[in-house]
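In our numbering, the protein residues as written are 4 to 87.
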């Protein structure tokens, strides 16, 4: 999965995968309180923002499919929205 200007997108709309929970599912934190919406809108088109979010979702989905295939256990992800 590739996204041009990924570094700038992560700076303006920070999120982080912080590891796996005790079931092996990815934990993802979106730091909404640190998001810079005006700069994000100025720097990226609506299509680029959609594409970034789609690629991030696909990356998580692929990771979950890989984990599920190894032990035949249905996996899910944990999303944390940090408003601070």
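Heads up, the beta-carbon is just placed ideally off N, CA and C, and yes, glycines get one too.
It should be emphasised that the depicted structure is a prediction, and the values quoted were computed from it without experimental measurement.
Measuring alpha carbon to alpha carbon, tell me which residue in the options is nearest residue i.
i, options, result
"residue 29", "75, 66, 56 and 74", "66"
"residue 10", "69, 43, 63 and 74", "43"
"residue 64", "79, 8 and 48", "79"
Within the same chain, show all residues whose beta-carbon is closer than 6 Å to that of residue i, passing over the 5 residues directly before and after it, in chain order.
i, result
"residue 6", "55 and 58"
"residue 38", "16"
"residue 83", "32"
Would you list the residues sitting across from residue i in a DSSP beta bridge?
i, result
"residue 81", "30"
"residue 22", "30"
Thinking C-beta only, is residue j closer than 7 Å to residue i?
i, j, result
"residue 81", "residue 45", "no"
"residue 20", "residue 31", "yes"
"residue 70", "residue 27", "yes"
Leaving out the 5 sequence neighbours to the left and right, which residues in its chain are closer than 8 Å to residue i when beta-carbon positions are compared?
i, result
"residue 18", "31, 32, 33, 34 and 59"
"residue 72", "none"
For residue i, which residues of its own chain have a beta-carbon under 7 Å away from its beta-carbon, when the five flanking residues on both sides are left out?
i, result
"residue 40", "none"
If you measure from the CB of residue i, is any heavy atom of the ligand NAP nearer than 6 Å?
i, result
"residue 42", "In the structure on display, the ligand NAP does not appear, and there are no ligands present to speak of."
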